[in-house]
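Letter by letter, the sequence shown follows residues 60 to 427 in my numbering. Backbone N, C-alpha and C define an ideal beta-carbon position, used for all residues, glycine too.
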Amino acid sequence: MPGDTLKIGLTHARIPSLDGLRAVSITMVLMGHLEGTRNFPKLQVHRWMGDMAHLGVLVFFVISGFLITSLLMGERQKTGATSLPKFYLRRVLRIFPAFYAFILMMIVASHLGWVRLGGLDILHALTYTVNYYPHRSWVIGHLWSLSIEEQFYLLWPLVFMVSRKYGALIVALAAFALGPLVRCAMHLMFPPHSPWRDLEVFPAMADAVAIGCIFALLRPWLLSRAWYLRLSANRWSLLTIPLVLLISRLLDYTVVDLFGSPVMLVCLAALIESSTRHENSWLGRFLNWRPVAYVGVLSYSLYLWQQPFLDRHSDTALTAFPQNILLTVVAATLSYYLIEKSFLSIRRKIERSGPPAHKPAPEMRSAD
Numbered sequence: 060m061p062g063d064t065l066k067i068g069l070t071h072a073r074i075p076s077l078d079g080l081r082a083v084s085i086t087m088v089l090m091g092h093l094e095g096t097r098n099f100p101k102l103q104v105h106r107w108m109g110d111m112a113h114l115g116v117l118v119f120f121v122i123s124g125f126l127i128t129s130l131l132m133g134e135r136q137k138t139g140a141t142s143l144p145k146f147y148l149r150r151v152l153r154i155f156p157a158f159y160a161f162i163l164m165m166i167v168a169s170h171l172g173w174v175r176l177g178g179l180d181i182l183h184a185l186t187y188t189v190n191y192y193p194h195r196s197w198v199i200g201h202l203w204s205l206s207i208e209e210q211f212y213l214l215w216p217l218v219f220m221v222s223r224k225y226g227a228l229i230v231a232l233a234a235f236a237l238g239p240l241v242r243c244a245m246h247l248m249f250p251p252h253s254p255w256r257d258l259e260v261f262p263a264m265a266d267a268v269a270i271g272c273i274f275a276l277l278r279p280w281l282l283s284r285a286w287y288l289r290l291s292a293n294r295w296s297l298l299t300i301p302l303v304l305l306i307s308r309l310l311d312y313t314v315v316d317l318f319g320s321p322v323m324l325v326c327l328a329a330l331i332e333s334s335t336r337h338e339n340s341w342l343g344r345f346l347n348w349r350p351v352a353y354v355g356v357l358s359y360s361l362y363l364w365q366q367p368f369l370d371r372h373s374d375t376a377l378t379a380f381p382q383n384i385l386l387t388v389v390a391a392t393l394s395y396y397l398i399e400k401s402f403l404s405i406r407r408k409i410e411r412s413g414p415p416a417h418k419p420a421p422e423m424r425s426a427d
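Right, here's the structure in full:
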């Protein structure tokens with residue numbers, strides 16, 4: 060989903076491996092949604108790895124928490140403060156143009172009879188509240204995750220600015236602890252076939268974003284600990300991947316969600332944090348390989364446009380494999396080059412016009 064850059068000192072630099080991690084995430088989403096579409100091989104990946112699309116979205120959430128918190132910390136370190144207007148303006152320029160262009164195209168497609176939209180689909184999509192709407196149609200159903208992202212972008216910078224570092228850490232820890240409890244409570248409150256039982260309300264999904272925030276906030280301290288450096292060494296952290304896939308496979312069980320999902324999210328956050336530090340390892344080289352990173356750059360548009368074409372409920376030629384994935388890539392590429400890049404250039408001009416650098420206080424200096 061939306062990418063960004065991390066400011067280091069007075070320069071721009073992409074955090075190593077993040078685009079590659081986005082590529083892995085969007086590949087999981089695409090694989091999860093391709094399964095069941097007409098002509099796609101019956102691989103039955105879900106039988107062995109669970110809901111791959113959902114796991115891919117969780118990885119996106121962890122990346123977002125880690126990246127946005129790193130950006131906020133970097134801005135405070137550089138300037139001594141956090142500018143909310145500039146933060147929100149950067150988010151608007153990054154997310155809104157491609158998003159609302161997609162919504163506009165879905166409205167047109169609906170009027171032409173190409174897709175089906177429900178009565179409140181557009182209202183919830185336009186207001187980023189799809190995650191609170193249980194009766195959404197397939198073509199805008201995936202926007203629940205972007206709604207959560209937007210709600211996070213709205214709330215977290217305020218928390219970060221008001222509470223400062225340690226207060227923000229406490230809030231993030233609370234959100235991480237409450238997520239599984241909220242999901243468990245919803246499972247107990249609603250019957251199995253209720254659309255509200257697994258609805259992705261923000262408190263129920265915030266733990267995946269919160270763990271990324273926690274790792275970013277604790278990163279300077281963690282990187283000063285020899286035990287953490289040994290534990291998160293790339294060759295050892297890869298051993299957590301089978302554990303992540305096993306927990307993902309069993310997440311439908313409430314008890315696994317309650318006790319296993321925190322373990323899975325910690326493993327994902329550790330993998331992401333470790334990957335950004337080991338760009339010269341074989342995994343790091345793969346994640347930063349240009350073709351892989353390019354898929355990560357396109358990940359936001361790919362995520363936006365995959366849903367109308369990867370529709371397992373449709374029998375049209377446009378939603379059959381392999382043309383469905385080809386059309387997804389074409390639509391995403393057009394969205395990126397015609398819409399995203401133009402607004403990204405505007406955003407870079409805004410970033411370059413920032414206030415002069417501020418020497419950080421000693422406690423704000425990063426240990427790495």
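Using a Cβ-Cβ cutoff of less than 6 Å, which residues in the same chain neighbour residue i once the five nearest sequence positions on both sides are dropped?
i: His183; result: Val189 and Tyr192
i: Ser169; result: Leu176
i: Tyr395; result: Leu357 and Ser360
i: Ala275; result: Phe125, Thr128 and Ser129
i: Pro61; result: Arg153, Ile154 and Tyr359
i: Leu228; result: Leu276
Taking the straight line between their C-alpha atoms, what separation do you get for residue i and residue j?
i: Leu403; j: Asn383; result: 28 Å
i: Ile331; j: Leu171; result: 43 Å
i: Trp280; j: Pro251; result: 43 Å
i: Val315; j: Leu297; result: 22 Å
i: Gly495; j: Ser129; result: Shown here, the chain extends from 60 to 427; a query on residue 495 therefore has no answer.
i: Cys387; j: Ile74; result: Here residue 387 is Thr; the residue named in the question, Cys, does not match the sequence. Spanning the two alpha carbons is a distance of roughly 27 Å.
i: Arg308; j: Thr138; result: 45 Å
i: Lys145; j: Ile154; result: 14 Å
i: Trp373; j: Met165; result: Correcting the residue type first, residue 373 is Ser in the shown sequence and not Trp. So the alpha carbons of these two residues sit roughly 16 Å apart.
i: Asp78; j: Thr375; result: 33 Å
i: Ser397; j: Asp180; result: Looking at the sequence shown, residue 397 is not Ser but Leu. Their Cα atoms are separated by approximately 26 Å.
i: Leu369; j: Ala112; result: 12 Å
i: Ala244; j: Ser340; result: 42 Å
i: Phe261; j: Val389; result: 32 Å
i: Ala391; j: Ala285; result: 43 Å
i: Gln210; j: Pro321; result: 21 Å
i: Ser196; j: Leu114; result: 21 Å
i: Glu259; j: Arg242; result: 9 Å
i: Gly200; j: His246; result: 21 Å
i: Thr186; j: Ala231; result: 25 Å
i: Trp173; j: Val167; result: 9 Å
i: Ala263; j: Asp311; result: 15 Å
i: Val83; j: Tyr353; result: 11 Å
i: Ile162; j: Asp257; result: 25 Å
Assign residue i to buried or exposed, taking buried as 16 or more other Cβ atoms, counted over all protein chains shown, within 10 Å of its Cβ.
i: Met87; result: buried
i: Gln366; result: buried
i: Gln103; result: exposed
i: Val351; result: buried
i: Leu240; result: exposed
i: Thr378; result: buried
i: Asn347; result: buried
i: Asp266; result: buried
i: Leu69; result: Any reading at Leu69 needs caution, since the residue's pLDDT is 29, under 50, leaving its predicted position unreliable; the model's value is listed next. So Leu69 counts as exposed.
i: Trp255; result: exposed
i: Phe318; result: exposed
i: Trp107; result: exposed
i: Arg81; result: buried
i: His194; result: exposed
i: Arg150; result: buried
i: Leu385; result: exposed
i: Lys408; result: exposed
i: Val198; result: buried
Enumerate in chain order the residues of its own chain whose CB-to-CB distance from residue i is below 7 Å, with the five nearest sequence positions on each side excluded.
i: Leu131; result: Thr141, Pro216 and Phe219
i: Ser380; result: Position check: residue 380 holds Phe in this sequence, whereas Ser was assumed. Only Leu93, Thr96, Arg97, Asn98 and Phe99 meet the Cβ criterion.
i: Ile430; result: Nothing about residue 430 can be read from this structure; the chain reaches only from 60 to 427.
i: Met323; result: Val303, Ile306 and Ser307
i: Val116; result: Val88 and Ser204
i: Ser76; result: Ser334, Thr335, Glu338, Gly343, Leu346 and Asn347
Would you verify that the beta carbon of residue i is, or is not, closer than 9 Å to some beta carbon of chain D?
i: Ile270; result: As a matter of chain content, chain D is missing from the structure shown, which is built from one protein chain.
Go through its chain and collect everything with a Cβ distance to residue i's Cβ below 8 Å, but skip five positions before and after it.
i: Ser333; result: Ser291, Ala292, Asn293 and Ser296
i: Leu143; result: Pro216, Leu217 and Met220
i: Ala160; result: Ser394 and Ile398
i: Arg289; result: Trp295
i: His105; result: Gly91, Glu94 and Met111
So is the beta-carbon of residue i under 8 Å away from any non-hydrogen atom of the ligand NAD?
i: Arg153; result: With respect to the ligand NAD, the structure offers nothing, as it holds no ligand at all.
Exercise for the section: Pick out the complete alpha helix (DSSP H) segments inside the stretch 314 to 362, 4 residues or longer, and give them in chain order. Expected result: List check, alpha helix (DSSP H) in window: 341 to 346 and 349 to 356.
Handout entry: Any 3 or more C-beta pairs closer than 8 Å across the stretch 293 to 312 and the stretch 346 to 364
Key = no
Practice task
Indicate whether the contact test is met: 3 or more Cβ pairs, each with one atom in the stretch 111 to 123 and one in the stretch 261 to 278, closer than 8 Å.
Solution key: yes
Handout entry: Ranges of the alpha helix (DSSP H) found wholly within the stretch 87 to 175, counting only runs of at least 4
Key = Residue ranges of uninterrupted alpha helix (DSSP H) with 4 or more members, entirely inside the stretch 87 to 175 and ordered along the chain, are 105 to 108, 111 to 138 and 143 to 170.
Problem - 3 or more residues per run - each beta strand (DSSP E) lying fully within the stretch 168 to 255 - result: none
Practice task
For the stretch 269 to 307, list the alpha helix (DSSP H) runs that are entirely contained and at least 4 residues long, ordered along the chain.
Solution key: Within the stretch 269 to 307, the complete alpha helix (DSSP H) segments of 4 residues or longer fall at 285 to 290 and 293 to 296, listed in chain order.
Practice task
Count the CB pairs spanning the stretch 223 to 238 and the stretch 198 to 211 that are closer than 8 Å, and state whether there are at least three.
Solution key: no
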